[in-house]
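Read in order, the letters of the sequence shown are residues -28 to -1, 1 to 83 in mature numbering (1 follows the signal peptide of the UniProt record, and there is no 0). Beta carbons are placed, not taken as given, at the ideal position from N, Cα and C, and that holds for glycine. The block underneath contains the structure these notes are about, expressed in structure tokens.
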Amino acid sequence: MTDLTRRKALILTAGAPIALGLATRAKAATAEVTIQGMAFAPATITIAAGDSVRWTNSDAAPHTATFRATGADTGRLNRGDSGALTFDTPGSYEYACAIHPSMRGQVIVTG
Ligand SMILES: [Cu+2]
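Listed below in structure tokens is the structure:
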């Protein structure tokens, strides 16, 4: 083995854990919820820990996705606006529109 070859082998070994870490992170997904007709669709969405949910408002009325228990909030979404939140901890999270409290949804985060 020449010095150059040995050096390359060491670099490849050292790089492997970094590559695995990137692959794990690349799996994180974003699930889509549409807000239309004064309702969240789907009303219940299931994601994996580390994933995000993006809400997009298709109504003329402004809406939010507000999680009272955790304080997470998309803020006010006007027509055409989107807001995303990331969920790192498994659990069941209920939310509502802060402007129209009868509009309710749920995010289920699996481990
Ligand atoms: Cu609303």
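field: Asp23 classed as buried or exposed, judged by whether at least 16 other C-beta atoms fall within 10 angstroms
entry: The residue labelled residue 23 in the question sits at position 51 within the sequence shown. Asp23 should be labelled buried.
query: For Asn50, does the three-state DSSP call read helix, strand or coil?
result: Taking the sequence shown and counting its residues from 1, one reaches residue 50 at position 78. Asn50 carries a coil assignment under DSSP once its states are collapsed to helix, strand and coil.
message: Given this structure, state the Cα-to-Cα distance separating residue 89 from Phe39, to the nearest angstrom.
response: Not covered by the structure: residue 89. The range shown for the chain is -28 to 83.
- prompt: Mind checking whether Arg48 and Thr58 have CB atoms under 7 angstroms apart?
  reply: Position 76 of the sequence shown, counted from the first residue, corresponds to residue 48. Position 86 of the sequence shown, counted from the first residue, corresponds to residue 58. No, the pair does not count as a contact, with Cβ atoms beyond the cut-off.
query: For the beta strand (DSSP E) that contains Ile7, what are its first and last residues?
result: As a working mapping, residue 7 is identified with position 35 in the sequence shown. Run containing Ile7: 2 to 7, per the beta strand (DSSP E) assignment.
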